[in-house]
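Residue numbers (this note's numbering), protein chains in the order written: chain A, 23 to 202; chain B, 23 to 202. Think of the CB as a built atom: it goes at the ideal place given N, C-alpha and C, for glycine as much as any other residue.
Number of protein chains: 2
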Amino acid sequence: MALEHAILVSLSERAGSGYELTRRFEKSIGLFWSATHQQIYRVLKRMEEAGWVAVDVVAQSGRPDKKVYTVSDGGRAELVRWLAEPDPSAGPMELAVKIRGATFGDPGAVAAEIVRHRSAHAERLDVYRQIEKRDFPAPAGLQGQHLHQYLVLRGGIRVEEGQVEWFDEVLAALHHEKDA
Amino acid sequence: MALEHAILVSLSERAGSGYELTRRFEKSIGLFWSATHQQIYRVLKRMEEAGWVAVDVVAQSGRPDKKVYTVSDGGRAELVRWLAEPDPSAGPMELAVKIRGATFGDPGAVAAEIVRHRSAHAERLDVYRQIEKRDFPAPAGLQGQHLHQYLVLRGGIRVEEGQVEWFDEVLAALHHEKDA
DNA sequence: CGTTGCACTGCAACTCGTTGCATAGGACCC
DNA sequence: GGGTCCTATGCAACGAGTTGCAGTGCAACG
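What follows is the structure, encoded as structure tokens:
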């Protein structure tokens with residue numbers, strides 16, 4: 023699971039409380055991700071026990087105390103480790119977190135991970151296109167069940183196309199950044 | 023959850039055992055979906071208790087007996103109901119199942135559901151594009167953290183674009199089918 | 001002045017899904 | 001002959017995530 027790592031990235035960008043993190047996840051990171059406050063509170067507790075984050079209880083006027091979390095050395099090390107670790111089962115959300123976290127680790131290692139996923143998705147796309155060619159050579163005349171199955175396949179193809187194009191855009195930008 | 027309904031669609035296309043369904047989910051429906059045999063066995067049991075499917079124990083030579091499941095009248099009614107029911111929280115997988123199941127219900131109702139989701143995603147896409155314009159007016163010069171945040175946003179935009187295009191393709195095909 | 005809403009944390013119970021293990025007979029390989 | 005794989009079902013335990021509830025105290029609405 024990568025909620026921990028998503029929190030590490032978010033806290034690396036800016037320290038914050040559980041409540042604040044919940045708000046953030048509804049927006050920026052939450053383009054892909056969603057998490058309830060419950061989930062975040064529990065994961066934060068676990069992360070504190072593991073020594074990845076440090077807590078600072080801040081009294082506030084008028085409102086309840088809040089626990090502001092900061093990434094510790096252990097957390098930074100874990101984030102660097104995770105960013106470089108290949109994970110074939112990672113989905114777009116995990117990769118988005120890795121990209122967003124690249125600043126806090128080795129951008130080259132993140133790029134390498136993207137390359138791996140790019141080829142996996144390109145292969146899949148190829149399989150889908152072959153199925154399309156083989157099973158639906160004349161899509162214009164399709165009806166009923168066959169049409170509906172074709173449309174679902176088209177969805178799969180579009181998703182994979184989008185992924186591959188995105189990975190290419192990311193890789194081009196990361197290479198360009200390295201050169202600059 | 024829609025695993026039940028995915029199974030109803032799959033069993034409507036063809037009767038089968040839990041084991042067989044597991045295999046199917048690894049392929050066709052599993053373009054988007056994945057489910058372990060455990061999950062499927064348990065859901066099938068629940069569906070049987072609810073009267074959505076009927077079981078037929080088939081003895082086989084050499085291999086264990088298998089339980090072949092068939093959709094019952096109750097199951098067909100439930101599928102029709104679910105296909106027509108609006109579900110704002112449905113993701114691409116759920117919609118793919120609805121599209122694939124349109125044959126067994128009212129394709130017009132499914133199209134209406136797609137229209138709803140199309141406009142939701144189009145709105146989101148608009149929001150993302152405005153964020154892009156506002157926060158990243160000159161993407162070519164971006165570096166570090168800002169670049170990485172931009173790339174994630176680009177991923178979100180591509181995903182939404184892909185969704186909207188897919189919905190449009192589906193709607194065009196369903197309309198064309200209705201006229202034919 | 002009462003209600004609604006927001007900020008902030010947390011417990012308890014639940015659902016959904018995965019993993020490990022068990023069983024059992026046959027096929028296939030070396 | 002022994003190992004492993006495939007078909008076929010299922011239990012038990014676990015992990016991840018959601019939902020419901022609960023409490024506090026200020027601010028703003030009408």
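Linking Ile29 (chain A) to Lys49 (chain A) through their CA atoms gives a straight-line distance of about 14 angstroms. Bridge pairing for Gly38 (chain A): A:Tyr91 [DSSP]. Ala76 (chain A) carries a strand assignment under DSSP once its states are collapsed to helix, strand and coil.
For Asp190 (chain A), the three-state secondary structure derived from DSSP is helix. Chain B places no beta carbon closer than 8 angstroms to that of Gln61 (chain A), leaving this residue out of the contacts. For the region 110-131 of chain B, the beta-carbon criterion of a distance under 7 angstroms to any beta-carbon of chain A is satisfied by Pro114, Ala118, Ile121, Arg122, Ala124 and Thr125. Per the Cβ contact rule, the region 163-177 of chain A is in contact with the region 121-133 of chain B (3 or more Cβ pairs under 8 angstroms). For Gln61 (chain B), the enclosing alpha helix (DSSP H) starts and ends at His59 to Glu71.
Close to Arg180 (chain A), with beta-carbon spacing below 9 angstroms, are these residues of chain B in chain order: Gly184, Gln185, Glu187, Trp188 and Glu191. With fewer than 16 other Cβ atoms from the protein chains shown falling within 10 Å of its own Cβ, Val79 (chain B) counts as exposed. Chain B places a beta carbon closer than 8 angstroms to that of Gly177 (chain A), counting this residue as a contact.
If you draw a straight line from the Cα of Leu147 (chain A) to the Cα of Glu182 (chain A), it is about 6 angstroms long. When Cβ pairs closer than 8 angstroms are counted between the two stretches, the region 154-173 of chain B is seen not to touch the region 104-116 of chain A, the count staying below three. Taking C-beta separations shorter than 7 angstroms and ignoring five residues to either side along the sequence, the partners of Val132 (chain B) in its chain run Leu105, Lys120, Ile121 and Ala124, following chain order.
Under a criterion of Cβ atoms nearer than 7 angstroms, no residue of chain B is adjacent to His143 (chain A); the nearest Cβ is some 13 angstroms distant. For Glu107 (chain B), no alpha helix (DSSP H) run applies, since DSSP gives it neither H nor E.
Per DSSP, Gln165 (chain B) lies in no alpha helix (DSSP H) and is assigned neither H nor E. By the CB criterion at 8 angstroms, Leu25 (chain A) and Gln61 (chain A) fall inside the cutoff. Under the 10 Å beta carbon count, His27 (chain A) is surrounded by 16 or more other beta carbons and is classified as buried.
Between Ala76 (chain A) and Ser56 (chain A), the CB-CB gap reaches or exceeds 8 angstroms.
In the structure shown, Ala24 (chain A) adopts coil according to DSSP, grouped into three states. Inter-residue distance for Val186 (chain A) and Leu53 (chain B) is about 16 angstroms (C-alpha atoms, whole angstroms).
Within the region 72-87 of chain A, contact with chain B at the beta-carbon level (separation under 7 angstroms) is assigned to no residue.
Under the three-state reduction of DSSP output, Gln82 (chain A) falls in the coil class, being neither helix nor strand. Thr92 (chain A) and Thr44 (chain A) have their C-alpha atoms some 15 angstroms from each other. Within 10 angstroms of the beta-carbon of Arg64 (chain A) lie fewer than 16 other beta-carbons, which makes it exposed.
Contact annotation: Val90 (chain B) and Ala142 (chain B) have beta-carbon atoms that are not nearer than 8 angstroms. Proximity of Val174 (chain A) to chain B, defined by a Cβ-Cβ separation below 8 angstroms, is satisfied. Contact note: Phe54 (chain A) reaches chain B through Val174, Gly177, Gly178 and Val181, using a C-beta cutoff of 9 angstroms and chain order.
Closer than 8 angstroms to the CB of Gln165 (chain B) there is at least one CB belonging to chain A. Within the same chain, Ser94 and Gly96 come within 7 angstroms of Gly73 (chain B) by CB-CB distance, once the 5 residues on both sides are set aside. Within its own chain, the residues whose Cβ lies closer than 6 angstroms to the Cβ of Met115 (chain A), once the five positions on either side in sequence are excluded, are Phe54 and Trp55, listed in chain order. Residue-level contact check: Gln171 (chain B) touches chain A, since one or more beta carbons of chain A fall below 8 angstroms from its beta carbon. Under the three-state reduction of DSSP output, Asp128 (chain A) falls in the coil class, being neither helix nor strand. The beta-carbon separation of Leu66 (chain B) and Gly40 (chain B), rounded to 5 angstroms, stays under the 8 angstroms limit for a contact.
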